[in-house]
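Protein chains in written order, with the working numbering: chain A, 1 to 316; chain B, 1 to 340; chain C, 1 to 279. We put the beta carbon where it would ideally sit given N, CA and C, even for glycine. In this text the structure is predicted, and so the values were computed from the model without any measurement.
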Amino acid sequence: MKLLDIKNLRVYYFSEEGVVKAVDGVSLSLNKGETLGVVGESGCGKSTLGLSVLRLVPYPGKMVSGKIFYNGIDLLSLSDEEVRKLRGKEIAMIFQNPDVSLNPIMNIKEHLVEAILTHEEIDEREAVEKTEEILGKVGIPKNRINDYPHQFSGGMKQRIMIALALLLNPKLIIADEPTSSLDVLIQAKTLELLRNLKEEYGLSLILITHDFGVVFEESDRIAVMYAGHIIEIAKNTELYDKPLHPYTQALIKAVPTVTPEEQKLNYILGMPPSLLTPPKGCRFYARCKYAREICKFKEPKTATVGREHIVKCHLY
Amino acid sequence: MSSKSSGLLFYIVSRILLIIPMLLILLTLIFIILRVLPGDPVYFIVSPQAGEHIIEQTRHELGLDRPIWEQYVSYLMGVFRGDLGKSYITKDNVWSIIGRHLPITIELATCGLFVAAFLGISFGTFAAYKSKSWFGVFNTILSTIAYTMPVFWFGMILQILFAIQFRVLPATGILDTSLSITRITGLPALDALITGNMRAFVDHVARLILPSITLGFFISGNINRMTHSNVLKALNEDYVRAARARGIKERVILFKYALKNSLIPVITLLGMNFARMLSGSVLTETVFSIPGMGSLLVNSIFRRDYPLVQGIIVVYALLISIVTLIIDIIYAYIDPRIRL
Amino acid sequence: MNIEEIRKILRTNEGKLMFAGLVILVTLSVIAIFAPYIIPYDPSKTTPDILQPPSLKHLFGTDNLGRDLLSRIIYGSRISISTALLGALVSLPLGVLLGEISGYLGGKIDKALSMIMDSIYAFPSLILAISVATILGAGILNTALAVSTVFVPTYFRVTRGHVLSIKSKEFVEAARLMGASKVSILLKDIFPNTIASIFAIFSVNTAWGILIEAGLSFLGLGIPPPHPSWGTDIRIGRLYYLSGYWWIITFPGLAILLASLGFTFFGQGIQRILSPERR
Ligand SMILES: Nc1ncnc2c1ncn2[C@@H]1O[C@H](COP(=O)(O)OP(=O)(O)OP(=O)(O)O)[C@@H](O)[C@H]1O
Ligand SMILES: [Mg+2]
């Protein structure tokens, strides 16, 4: 059975400027034990998609339609309290910026113990033991357990966030650009840690990133997002060898393989469309090499090409 | 551990050193206002028609015939020696007169502070939590009214309502004339408790309620606004979102994450509001006939008791400096980022 | 700023409150300016109808000398508001000038001036005003002067902050390179950029001035009795309000509240709109 199944989800921000259609008809599923990479340019709605799964879309965002099934449970039909109990315990999330993700006036132990005691009825001593164990796994020395967030480096803070996410053995972790605020060396180490712990704990992972390099390195399957739509989903190698959507093709060329100059040359011209007034037809129309008349007026349907290779383009 | 406390000690010492120039500036300011501004303090005490001889004699008694810098130096020396001169009317030592009135103001200010903190923090927090509902706007208006309102008028309205209309609380004074409290610390409530004088204690506390609400509501305006906007800001912080993603309960998020982080700046605000509280207390004491520093100041102005007026204002400056220092130290103590 | 932006501001809560403040201010100004034509009675004429409760004849009742309170409050708006405006205005040039000098020169002068201003700011404003009023004596001009002393630091702070933030900006740098003198840079380039913020502070200070004037007059240190001022009216009412004549203090107090609320909402609205977070 699928662990997570998102069906035709629409999440809009009803802002003062107008309605921002950040996630606009997304369907996606995740198998047990799998790592799914969600990749796309900044502002295409990746974070919004991730937050929807935890029902944490901030005001003025609203889930307008669609369904999200977690282990067969319809998440959108649960009460607030029921969802709260799932958060951290079943589904955990790791955010982009570890520097601001910890409460500055609570020390590390307080953070972890609080999370444990929120979900489990054990005494405080056991909770502290568990805290020390998990911190050991992410490589934070025991003697720093009483230190405050500002006393740690960015990389360490992100490892603490990983510890917080793993703490209660959730089945699914959503990692939203977990390494993009870290420098390259620490990025690699953190990703490796995450990969190893994922194996050890038998987790499923949704890895959100704008970095194609990272996504090919880490994921089993990849979903490409563009302007609120998912435009292509395929197995890792399949997507790399046989990208179908013109946008994916352009992106793969843009992956920095040799030098930054080459990357620049291959970069896709133009900007993604505004999500306030998305174009009627294909959202990639304005930047597409293969654009035809129909692309301008008609939104492409999703087509399944080969085994589990889904694409949203009039070419297929 | 020891390095931590020595860091704190260093911080405190450096703060104390910073307070000294502030105090000097305030004392100089007072000197300029009372001696250098046009207007001769002598006429404060004797009328201009009193005759040359008496005027000159008074001028000499007050030391106002000496060169201005000499007056300045002896004024500063006096303050630092703890000598504020003698009342021109009662001939009592100014310090000892102030000593009788200051505790009463401190008591009122403390009660007012509690009322203000309670009203401001609870309304501000709730308004931030419900910022999307009507309560958010209502609270913005309420808090603005609180600090743009004439305090003395609000006190009078409370008197009309609770003392005249409903007759539940006394209107003025700090103690029924049939009762008395033996003076030990000078704080009437505390003294009544120490001496086990329960009737006086109850009567005194009942009389403190309206003035404390008056002063407290006035001060609550700022605290309310600051709490409101800080909690609102904190609720949008990434660490709050991360805590929600861990399933932390909303109540815990509101108090432990949003409010606690917001309170640190609110404490600084309390320090800045101390000055407003002293201003407010002058008016509140006048309305409720409370014999504190404010009433003393107003009375001594009308009795034209120049040394006493000067002494009271100097004591206000001392108080401001001390409270600024205390707030700085508390601030350092609660914020882990400074504590190191 | 175009129509669209103004509309957007007016849709926010702050914008609405600012608009409400503006409406209050315009109404009060009209009342104050046309006071002689709209008062139903002579505000200082004593009549035998003393201490009358509000009625159709006397909407706000009468005071202890039988004077019509509504007329006194309408007339009092002139003195209360103009004293506060004067107080907020007199201190403006000094505060702005010191703020510009301090921010522009920096270094030790800046440190010393900031310290002095912070200390004055930390001192209770009413007590400072009381001290000045005590020495200068009662009177409209003296009250305005007493009120003005407490505002110098507010203008100083906002100007200095502005100067520091724009000092480094390119156009000032360019002017300096072109050999403009310090004084002309201060006057021509920096001052216009701070004008909006200073105006906001001016409005908030006027609100505060109304309160200080009212406080001084209430204590008997402000506007002397023959002139109708809201604070003085409440002072007169002190002897009567506890004997059941509630209207004698209630209405002047509401007038004070309304006026200071108007200036505060308006000034704070401008401050919000100008605040960097908003831009
Ligand atoms: N609170 C909000 N109000 C209005 N619009 C919003 C809000 N939050 C996000 N958006 C808009 O929704 C769209 C999707 O935002 P989202 O943060 O999901 O994108 P993202 O793909 O995660 O981008 P990034 O790579 O920058 O994190 C963006 O166009 C953004 O401007
Ligand atoms: Mg994002």
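Asked                                                                                                                                                                                                 : Found
Measure the Cβ-Cβ separation of R144 of chain A and K249 of chain B and say whether it is below 8 angstroms.                                                                                          : no
At a Cβ cut of 7 angstroms, what residues of the segment 195-216 of chain C count as close to chain B, listed as they run along the chain?                                                            : A207, L211, A214, G215
Out of C:T62, C:T159, C:L145, which one is the CA nearest neighbour of G103 of chain C?                                                                                                               : C:T159
Could you name the residues of the same chain whose beta carbon sits closer than 8 angstroms to that of R157 of chain C, not counting the 5 residues immediately before and after it, in chain order? : G99, M117, Y121
Just the chain C side, please: which residues come within less than 8 angstroms of L283 of chain B by C-beta, in chain order?                                                                         : L126, G215, F218, L219
Under 8 angstroms, with one C-beta from each stretch per pair, do the segment 217-228 of chain A and the segment 157-172 of chain A reach the 3-pair mark?                                            : no
Assign E232 of chain A to one of two classes, buried (16 or more other C-beta atoms within 10 Å of its C-beta) or exposed (fewer than that).                                                          : buried
Would you report the Cα separation of N197 of chain B and G39 of chain B, rounded to the nearest angstrom?                                                                                            : 49 angstroms
Cβ-heavy atom distance between L275 of chain A and ligand 1 below 7 angstroms?                                                                                                                        : yes
What is the rounded straight-line gap between the Cα of E114 of chain A and the Cα of L232 of chain B?                                                                                                : 23 angstroms
Taking only beta-carbon positions, decide if R251 of chain B is within less than 8 angstroms of chain A.                                                                                              : no
Please indicate yes or no: does the CB of C44 of chain A lie closer than 7 angstroms to some heavy atom of ligand 1?                                                                                  : yes
Beta carbon of S47 of chain A: closer than 7 angstroms to some heavy atom of ligand 2?                                                                                                                : yes
Using CA coordinates, which residue listed in C:A138, C:G76, C:A174, C:F151 is at the minimum distance from L216 of chain C?                                                                          : C:A138
State the CB to CB distance for the pair Y41 of chain C and G95 of chain C, rounded to an integer number of angstroms; the pair is presumed to be in contact (CB under 8 angstroms).                  : Incorrect: roughly 41 angstroms between the Cβ atoms, too far for contact.
In chain order, what are the residue ranges of uninterrupted alpha helix (DSSP H) at least 4 long that sit wholly in the segment 92-137 of chain B?                                                   : 94-129
Have a look at B:P48, B:A116, B:R35 and flag the residue whose alpha-carbon is nearest the alpha-carbon of P67 of chain B.                                                                            : B:R35
Should R87 of chain A be flagged as near chain B, meaning a C-beta pair shorter than 8 angstroms?                                                                                                     : yes
Considering just the uninterrupted stretch of the alpha helix (DSSP H) at V168 of chain B, what are its terminal residues?                                                                            : Per DSSP, V168 of chain B belongs to no alpha helix (DSSP H) and is neither H nor E.
Judging by CA-CA distance, which residue of C:E14, C:T232, C:L59, C:S184 is the nearest neighbour of Q271 of chain C?                                                                                 : C:E14
By Cβ distance, which residues of its chain are closer than 8 angstroms to P170 of chain A, with the 5 residues on each side in sequence left out?                                                    : G88, K89, E90, I91, A92, L203
Mapping the DSSP letters down to three states, classify V13 of chain B as helix, strand or coil.                                                                                                      : helix
For ligand 1, is there a heavy atom less than 7 angstroms away from the beta-carbon of Y239 of chain B?                                                                                               : no
Based on the DSSP output, what are the partners of I206 of chain A in its beta bridges?                                                                                                               : A:L36, A:I174
Beta-carbon of P150 of chain B versus every beta-carbon of chain C: anything under 8 angstroms?                                                                                                       : yes
Assuming T131 of chain C and I12 of chain B form a contact by the criterion Cβ under 8 angstroms, report the distance between their Cβ atoms to the nearest whole angstrom.                           : Before going on, a small fix: residue 131 of chain C reads as Ser here, not Thr. No, S131 of chain C and I12 of chain B are not in contact; Cβ-Cβ is about 31 angstroms, not under 8 angstroms.
Which whole-angstrom value describes the C-beta separation of L179 of chain B and D203 of chain B, a residue pair presumed to lie in contact below a C-beta threshold of 8 angstroms?                 : 6 angstroms
With 16 other CB atoms within 10 Å as the buried threshold, where does L241 of chain A fall?                                                                                                          : It is Asp, not Leu, that sits at residue 241 of chain A in the sequence shown. Exposed.
S71 of chain C to D233 of chain C, Cα distance in whole Å?                                                                                                                                            : 12 angstroms
Could you tell me the boundaries of the beta strand (DSSP E) in which M63 of chain A lies?                                                                                                            : 61-70
So which residues of chain A does Y239 of chain B contact, with C-beta pairs closer than 8 angstroms?                                                                                                 : V100, S101, L102, N103, P104
Which one of A:T304, A:P98, A:R55, A:G61 has the shortest CA to CA distance from S77 of chain A?                                                                                                      : A:R55
Quick one: does L98 of chain C have its CB under 8 angstroms from some CB of chain B?                                                                                                                 : no
Helix, strand or coil: which one does DSSP assign to E262 of chain A?                                                                                                                                 : Note that E262 of chain A scores a pLDDT of 48, beneath 50, so its modelled location is shaky; the value from the coordinates is reported in the next line. Looking at E262 of chain A - three-state DSSP - the assignment turns out to be helix.
Find out if the Cβ-Cβ distance for the pair A317 of chain B, L108 of chain B is shorter than 8 angstroms.                                                                                             : no
Can you tell me where the alpha helix (DSSP H) holding D63 of chain C begins and where it ends?                                                                                                       : Segment: none, D63 of chain C is in no alpha helix (DSSP H) and carries neither H nor E.
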